[in-house]
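Here my numbering is used: the first residue of the sequence shown is 368, the next is one more, and so on. Beta carbons: idealized from backbone N, C-alpha and C, even for Gly. Inspection log for the structure reproduced underneath, given as structure tokens.
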Amino acid sequence: MAVAYLNGVPSRVSHTKSHGGTKMNNLFLKLYIKIQDLLSQEEGQDLVEYALIVALIALAATAGMKTLATAINNGFTSLGTTLNNAV
Numbered sequence: 368m369a370v371a372y373l374n375g376v377p378s379r380v381s382h383t384k385s386h387g388g389t390k391m392n393n394l395f396l397k398l399y400i401k402i403q404d405l406l407s408q409e410e411g412q413d414l415v416e417y418a419l420i421v422a423l424i425a426l427a428a429t430a431g432m433k434t435l436a437t438a439i440n441n442g443f444t445s446l447g448t449t450l451n452n453a454v
């Protein structure tokens, strides 16, 4: 068995005598390295965190809209009543 280093970690790689087996081992080794590289990337996590923050703000704004709309409606109703009584 030979030792290959994947991301600084030693890994045993068995070599077969047939040429096709070595190609298959190399293919699996390359696939394993690609998967490890994709799993170690953290760039997408920031985007997910920002999306969650935006969703939370949108939810809070939507929940607060009913209260705000009621307050504005009551203000205009009061203003209209005051103007009608003044005329």
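Taking just the CA atoms, how far does L405 sit from M368? Residue placement at M368 cannot be trusted, given a pLDDT of 49 that sits under 50; the coordinates are not used to answer.
State yes or no: is the beta carbon of A428 nearer than 8 Å to at least one beta carbon in chain D? The structure shown has no chain D; it contains just one protein chain.
Excluding five sequence neighbours on each side, which residues of the same chain lie with their C-beta closer than 7 Å to the C-beta of Y417? No residues qualify anywhere along the chain.
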